[in-house]
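**Q** Residue numbers (the working numbering): 609 to 778.
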């Protein structure tokens with residue numbers, strides 16, 4: 609059995625990951641509405657990844673005989689004002705999720721739950737990649753976003769992204 613607090617945090621994180629998927633779908637819709645279909649594609653795939661993160665946590669809880677407790681998913685409350693601002697919100701959100709993962713890891717560490725720590729190692733690495741990708745998008749937009757031709761090329765680059773399911777073995 610896992611520690612009660614760790615289980616509680618993992619269940620909360622399931623909900624946070626589904627919220628992240630909703631948020632990124634909202635971002636995706638914003639970009640499609642702006643005619644930036646590549647950006648829309650990038651965030652639609654990002655939403656799929658977040659959903660998969662939730663599913664991995666659900667599977668981990670189930671594999672350890674723990675009850676999964678789903679809760680309501682809040683409607684995204686971020687006002688989407690500009691293409692650049694949305695990217696900044698994406699970076700802030702990834703930094704927030706990283707802090708949540710670290711909090712779960714800390715709780716597992718405090719009770720010497722090495723199994724959960726090992727499970728979370730993948731998420732710690734993943735969050736590093738997520739933050740790096742989000743920061744890279746912000747930087748690219750700052751460099752190219754004001755030039756129509758460059759923005760067109762960046763949008764095409766993001767449109768080429770394809771979905772790849774996570775390869776975490778539970």
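Every residue, glycine too, gets a C-beta built ideally from N, C-alpha and C.
Starting from residue 772, trace the alpha helix (DSSP H) in both directions and tell me its first and last residue.
**A** Taking the first residue of the chain shown as position 1, residue 772 is located at position 164. Careful: residue 772 lies outside any alpha helix (DSSP H) and carries neither H nor E.
**Q** Ignore the nearest five residues each way along the sequence and tell me which others in residue 627's own chain have a CB closer than 7 Å to its CB.
**A** As a working mapping, residue 627 is identified with position 19 in the chain shown. Around residue 627: 681, 682.
**Q** Can you give me the start and stop residues for the alpha helix (DSSP H) that residue 712 sits inside?
**A** Position 104 of the chain shown, counted from the first residue, corresponds to residue 712. 691-718 is the span of the alpha helix (DSSP H), which, as asked, contains residue 712.
**Q** With distances taken from CA atoms, which of 623, 643, 633, 621 is nearest residue 759?
**A** Looking up residue 759 in the chain shown gives position 151. Nearest option by C-alpha distance: 643.
**Q** Cutting at 6 Å between CB atoms, please list the residues of its own chain near residue 646, excluding the five before and the five after it.
**A** Position 38 of the chain shown, counted from the first residue, corresponds to residue 646. Around residue 646: 763, 764, 766, 767.
**Q** Starting from residue 621, follow the alpha helix (DSSP H) in both directions and report where the run begins and ends.
**A** To locate residue 621, count along the chain shown from 1; it is residue 13. 612-641 is the span of the alpha helix (DSSP H), which, as asked, contains residue 621.
**Q** With a CB to CB cut of under 6 Å and the five nearest residues on each side skipped, what residues in its chain are close to residue 623?
**A** On the chain shown, position 15 is the one that residue 623 refers to. Once the five neighbours on either side are set aside, the close Cβ partners of residue 623 are 679.
**Q** Using a 10 Å radius around the Cβ and a threshold of 16 neighbouring Cβ atoms, would you call residue 711 buried or exposed?
**A** As a first step, residue 711 must be located in the chain shown, where it is residue number 103. Per the 10 Å Cβ criterion, exposed.
**Q** Short check: CB of residue 726 to CB of residue 706, under 9 Å?
**A** Indexing the chain shown from 1 puts residue 726 at position 118. Indexing the chain shown from 1 puts residue 706 at position 98. No, the pair does not count as a contact, with Cβ atoms beyond the cut-off.
**Q** Report all residues from its chain with a CB closer than 8 Å to the CB of residue 660; omit the five preceding and five following residues, and keep chain order.
**A** Stepping through the chain shown from its first residue, residue 660 is reached at position 52. Only 773, 774 meet the Cβ criterion.
**Q** Is the beta carbon of residue 677 sitting closer than 9 Å to the one on residue 688?
**A** Here the question's residue 677 lines up with position 69 in the chain shown. Here the question's residue 688 lines up with position 80 in the chain shown. No, Cβ-Cβ distance for residue 677 and residue 688 is not below 9 Å.
**Q** Contact defined as beta carbons within less than 8 Å: I believe residue 709 pairs with residue 746. What is the distance between those atoms, to the nearest angstrom?
**A** In the chain shown, the residue the question calls residue 709 occupies position 101. In the chain shown, the residue the question calls residue 746 occupies position 138. So it is not a contact: roughly 21 Å between Cβ atoms.
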